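From first to last, the protein sequence lines stand for chains S and P. Each residue of the first sequence is one higher than the one before, starting from 1 at the first, in full-length UniProt numbering. Each residue of the second sequence is one higher than the one before, starting from 1 at the first, in full-length UniProt numbering. Here a beta-carbon is modelled for each residue, glycine too, at the ideal position from N, C-alpha and C. Here the structure is a predicted model, which is why all the values come from computation and not from measurement. For reference, the structure discussed in these notes is given below.
Number of protein chains: 2
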Amino acid sequence: MTDERSTFLLDETQIPTQWYNIVPDLPEPPPPPLHPGTHEPVGPDDLAPLFPQALIEQEMTTERWVDIPGGVLDVYRIWRPSPLVRARRLEKLLDTPAKIYFKYEGVSPAGSHKPNTAVPQAWYNHAEGVQRLTTETGAGQWGTSLAFATAQYGMDCEVWQVRSSYDQKPARRTMMEIYGATLHASPSELTEAGRGILAATPDSPGSLGIAISEAVEAAVGREDTRYALGSVLNHVLLHQTVIGEEALRQLEMAGDTPDVLVGCTGGGSNFGGLIFPFLREKLAGRMDPTIRCVEPASCPTLTRGEYRYDFGDAVGMTPLMKMHTLGHGFVPDPIHAGGLRYHGMAPLVSHVYELGLAEAESIGQVECFTAALMFARTQGIVPAPEPTHAIAAAIREAQKCKEEGVSRTILTALCGHGHLDMGAYESFLAGRMTDLDLSDETIREAMAGVPTL
Amino acid sequence: MTDERSTFLLDETQIPTQWYNIVPDLPEPPPPPLHPGTHEPVGPDDLAPLFPQALIEQEMTTERWVDIPGGVLDVYRIWRPSPLVRARRLEKLLDTPAKIYFKYEGVSPAGSHKPNTAVPQAWYNHAEGVQRLTTETGAGQWGTSLAFATAQYGMDCEVWQVRSSYDQKPARRTMMEIYGATLHASPSELTEAGRGILAATPDSPGSLGIAISEAVEAAVGREDTRYALGSVLNHVLLHQTVIGEEALRQLEMAGDTPDVLVGCTGGGSNFGGLIFPFLREKLAGRMDPTIRCVEPASCPTLTRGEYRYDFGDAVGMTPLMKMHTLGHGFVPDPIHAGGLRYHGMAPLVSHVYELGLAEAESIGQVECFTAALMFARTQGIVPAPEPTHAIAAAIREAQKCKEEGVSRTILTALCGHGHLDMGAYESFLAGRMTDLDLSDETIREAMAGVPTL
């Protein structure tokens, strides 16, 4: 029976004590990453200049469960478990028979789901004696999260922030500095990768791919320094499964099982974190939800990209990963959902999509911000630009339920709040936001740079 | 026995169902507000152009408990009950034997404690047929809260925002507009009060007092419009007691009783909301905490003001209230804790202070932001400028405990997050923030304008 409450809380003693790895439960294993020079599968040694041993093991593990260390749980306790909320006020506005639940990750100190992986990444590096982490950030959510996490263990943090975001979001820079991080606008003069881009395009707005190249370059070869990535990789998605594990339990408290799961996909970590525990249940035949990825129409990796081996960064330093990509040279228009501006997609999410276990749709930003205003005026929370896509997709589904006269249980993740993204709302409210047209030609050009294996 | 957890949560079914009115429990009643013309105690009719009947009754009631309407509880449920957190990581950094608890009100949609009263104020007005509310806002917290609350009941909201804040915080304006409010910089050309100030001081940075005059003027005489105040008045403090009532229960869950309560005081609503339920317990002999108000050194109402009848606004339209005041013409330096920039103090808090039931101290902003950085880097949350004062005071007390080698239980309220106040942190991190020197002469000059009764 459905519970009458709107918010489903767990106690800190109920934080999951293990992360869930979906790899052993998939019908076939995902294609391995390849060395950029030899095109052979990468081994642990190839990754050692970038990551600590424990994270390399997690990247490659086929174990179903990975224990969460006590030193990580101690910090998770600051904000986890996060609430699961039934959006009753939004349902009422939509006059829909559907039930809409959202798992709210904006309660973390950084305001998004990113600390779920930033904290263990900092912890494992610290445990292996690393003193400094480098990283990139797009919208600023990931950089803020890593800055917060490194502060917890007394480490240094150096962040390359995509130039367009660096200029548009001084508040984000300040927040990272509050946690003690050092910031650089990317492309920067500090790395060979940055200098190369600036020589070719002096006014480059930057991209996540470029910033990754810079942060990777700044980490390799420094004994006390490693690199941290906020999405895409297997170990990142692994850490994010705390979202889905908690949501499973909370939805059970609410007396419901999901019919439709929708999540926004940029690099894929929020999506994977929410979805994988439910996908396990689906593969085991214990539930049968439709699983749907939602991506921005201006960066439509799954719906318009190709499933190919491509680099994770812009200049070809990282291993080649089999994923849906628009080409590693793709520089998306500076839409406001900065965190979704990535040319590729997590290999695990790409693999799940190729296996037919998830479907995908893309939505333009005007529809997303229209949905966000409906959400804010009913549920109170002002969403970050990224999850406005998830909300728009949930609303589409709820309206379909109304048209069909059926009640379905919809679950999504509200992966962060928008307090530091008011610039996007300002341009929307002033009527200056439009949907950008991405031509096939632009995508073809970017794909031309992808290596043929 | 002290609980080992750090976060103490209540379920939405445990939201208090009554607000607590401290008036009947005080050793003597507070002096009544006086009519600005006749200097006689104001009656309900005097307030009718400004407030709905239900709120006027609450302003004057001597009943100990007031039922919270179901339509208010429905909206409270969006974020209440708020968590009580033991700041174990801060305690560790300070190496103190003290226990530091904070009640965190930043989980509300507006990010502060203000929706606790904005929601019932909107509800009662709506119930009596009012279609539009006017108000003022300093830092923007109150305007955001009322904008959120009016959106819940389909009402219009018009906000006069203090000019200095309006210019410095475009993100705040956007957030109010997301909820559907209409914004004006104060002083504005839209009211007689505003035009008068602009004629005398064209580049006036504004003040809460001036903005109140404008919002009041815009409400009186319009049948469909009333005015809403975010602090100072009895009914506002009444609504805020949900904070203290929940905290009482949560501290009991934690197995502790408070030795010291510290709260930041601007208009007094956050302080009263946290403290009054504990003061009731103290007056009844069930506990005996020290109760301490903390105010900014640049707006030291309790520590350097006088206890006199003064106007609540800048131009003398409101009733005269017996309170600690720096003079209604006092325009504080534009320090960053905008919400604490008010010339007066809630009459109920002033009365409690005069009765010797609370003590007061003032702290400069550099110490406050230093404390805020320690807090953010341990507990994760970036505090709003206002509660940095409460945190600085809690840290002072914890350090005293260390010096004395005694463990005391400290409780404070973290009344909001600072996501929309990054400008203040930016100036602090850049070393541009200094402590302002407020001369006795400045206070004397402002006090000269206070009427002699």
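Burial state of residue i, where buried means 16 or more other Cβ atoms lie within 10 Å
{"i": "Arg80 of chain P", "result": "buried"}
{"i": "Gln161 of chain P", "result": "buried"}
{"i": "Ile177 of chain P", "result": "Here residue 177 of chain P is Glu; the residue named in the question, Ile, does not match the sequence. Classification of Glu177 of chain P: buried, given that the 10 Å Cβ count is 16 or more."}
{"i": "Arg86 of chain S", "result": "buried"}
{"i": "Ala371 of chain S", "result": "buried"}
{"i": "Glu223 of chain S", "result": "exposed"}
{"i": "Asp45 of chain S", "result": "exposed"}
{"i": "Arg377 of chain S", "result": "buried"}
{"i": "Gly266 of chain P", "result": "buried"}
{"i": "Arg408 of chain P", "result": "buried"}
{"i": "Ala147 of chain P", "result": "buried"}
Secondary structure of residue i, DSSP reduced to three states
{"i": "Gln18 of chain S", "result": "strand"}
{"i": "Met60 of chain S", "result": "helix"}
{"i": "Tyr179 of chain S", "result": "coil"}
{"i": "His39 of chain P", "result": "coil"}
{"i": "His328 of chain S", "result": "coil"}
{"i": "His126 of chain S", "result": "helix"}
{"i": "Ser165 of chain P", "result": "helix"}
{"i": "His417 of chain S", "result": "strand"}
{"i": "Ala149 of chain S", "result": "helix"}
{"i": "Lys99 of chain S", "result": "strand"}
{"i": "Thr290 of chain S", "result": "strand"}
{"i": "Thr225 of chain P", "result": "strand"}
{"i": "Cys264 of chain S", "result": "strand"}
{"i": "Arg249 of chain S", "result": "helix"}
{"i": "Ala87 of chain P", "result": "coil"}
{"i": "Val66 of chain S", "result": "strand"}
{"i": "Val315 of chain S", "result": "coil"}
{"i": "Pro383 of chain P", "result": "strand"}
{"i": "Phe8 of chain P", "result": "strand"}
{"i": "Ala211 of chain S", "result": "helix"}
Among the options, nearest to residue i - alpha-carbon criterion
{"i": "Val260 of chain P", "options": "P:Lys282, P:Ala54, P:Ala384", "result": "P:Lys282"}
{"i": "Leu90 of chain S", "options": "S:Lys99, S:Met321, S:Gly206", "result": "S:Lys99"}
{"i": "Glu12 of chain P", "options": "P:Ile275, P:Val72, P:Arg432", "result": "P:Val72"}
{"i": "Val23 of chain P", "options": "P:Arg280, P:Thr96, P:Gly143", "result": "P:Arg280"}
{"i": "Cys299 of chain P", "options": "P:Thr434, P:Ser362, P:Ala346, P:Leu34", "result": "P:Ser362"}
{"i": "residue 496 of chain S", "options": "S:Ser204, S:Ala398, S:Phe330, S:Glu63", "result": "Because chain S spans 1 through 453 in this model, residue 496 of chain S falls outside it and cannot be assessed."}
{"i": "His35 of chain S", "options": "S:His328, S:Cys368, S:Tyr309, S:Pro387", "result": "S:Tyr309"}
{"i": "Asn234 of chain P", "options": "P:Ser186, P:Tyr153, P:Lys322, P:Tyr166", "result": "P:Lys322"}
{"i": "Gly143 of chain P", "options": "P:Gly405, P:Leu229, P:Tyr20, P:Gln379", "result": "P:Leu229"}
{"i": "residue 468 of chain P", "options": "P:Ala149, P:Gln141, P:Ala110", "result": "Because chain P is modelled from 1 through 453, residue 468 of chain P falls outside the range shown and cannot be assessed."}
{"i": "Leu420 of chain S", "options": "S:Gly140, S:Asn270, S:Glu404, S:Asp440", "result": "S:Gly140"}
{"i": "Leu320 of chain P", "options": "P:Gly305, P:Ser164, P:His417, P:Glu40", "result": "P:Glu40"}
{"i": "Cys293 of chain P", "options": "P:Phe271, P:Phe311, P:Gly312", "result": "P:Phe271"}
{"i": "Ser6 of chain S", "options": "S:Val406, S:Ala424, S:Gly255, S:Glu441", "result": "S:Gly255"}
{"i": "Pro202 of chain S", "options": "S:Leu326, S:Arg163, S:Gly263, S:Thr434", "result": "S:Arg163"}
{"i": "Asp437 of chain S", "options": "S:Val366, S:Tyr425, S:Met374, S:Gly268", "result": "S:Val366"}
{"i": "Gly312 of chain S", "options": "S:Tyr20, S:Tyr179, S:Pro33", "result": "S:Pro33"}
Close Cβ partners of residue i (< 8 Å) along its chain, the five nearest in sequence each way excluded
{"i": "Gly273 of chain S", "result": "His113, Asn116, Leu237, His239, Gln240, Thr241, Val242, Ile243, Gly244, Ala413"}
{"i": "Leu190 of chain P", "result": "His184, Glu214, Ala218"}
Contact set for residue i: own chain, Cβ-Cβ below 7 Å, skip 5 residues either direction
{"i": "Ala219 of chain S", "result": "Leu50, Thr134, Thr225, Arg226, Tyr227"}
{"i": "Gly416 of chain P", "result": "Glu105, Gly106, Gly111, Ser112, His113, Gln141, Ala384, Glu386, Pro387"}
Neighbourhood of residue i by C-beta, 6 Å cutoff - its chain only, sequence neighbours within 5 removed
{"i": "Ser82 of chain P", "result": "Tyr104, Glu105, Val107"}
{"i": "Tyr153 of chain S", "result": "Ala122, His126"}
{"i": "Gly418 of chain S", "result": "Val382, Pro383, Ala384"}
{"i": "Pro31 of chain S", "result": "Lys322"}
{"i": "Ser427 of chain P", "result": "Met433"}
Partner residues on chain B for residue i, Cβ-Cβ distance less than 8 Å
{"i": "Trp79 of chain S", "result": "Looking for chain B here will not work: the only protein chains present are S and P."}
Note to self: If the cut-off is 9 Å on Cβ atoms, which residues from the stretch 169-203 of chain S count as contacting chain P, listed in chain order?
What the structure shows: Pro170, Ala171, Arg172, Arg173, Thr174, Met175, Glu177, Ile178, Tyr179, Gly180
Check: Taking any Cβ of chain S, which residues in the stretch 419-446 of chain P have a Cβ under 7 Å from it, in chain order?
Finding: Listed by position, the residues of the stretch 419-446 of chain P near chain S (Cβ gap below 7 Å) are His419, Leu420, Met422, Tyr425, Glu426, Leu429.
Item checked: Members of the stretch 144-163 of chain P that neighbour chain S once the beta carbon cut-off is set at 9 Å -> Phe148, Ala151, Gln152
Next item on the list: Report the residues of the stretch 57-77 of chain S with a CB closer than 7 Å to any CB of chain P, ordered along the chain.
Entry: Arg77
Margin query: Give me the subset of the stretch 27-41 of chain P whose CB atoms are less than 7 Å from a CB atom of chain S, sorted by chain position.
Written below: none
Notebook entry, point to check: According to a CB-to-CB cut-off of less than 8 Å, which residues of the stretch 129-141 of chain S neighbour chain P?
Noted result: none
Item checked: Residues, ordered as in the chain, of the stretch 364-395 of chain P that lie near chain S by beta-carbon distance below 9 Å -> Only Ala372, Leu373, Ala376, Arg377, Thr378, Gln379, Gly380, Ile381, Val382 from the stretch 364-395 of chain P bring a Cβ to less than 9 Å from some Cβ of chain S.
Notebook entry, point to check: At a Cβ cut of 9 Å, what residues of the stretch 103-117 of chain P count as close to chain S, listed as they run along the chain?
Noted result: Within the stretch 103-117 of chain P, the residues whose Cβ lies closer than 9 Å to some Cβ of chain S are Val107, Ser108, Pro109, Ala110, Gly111, Pro115, listed in chain order.
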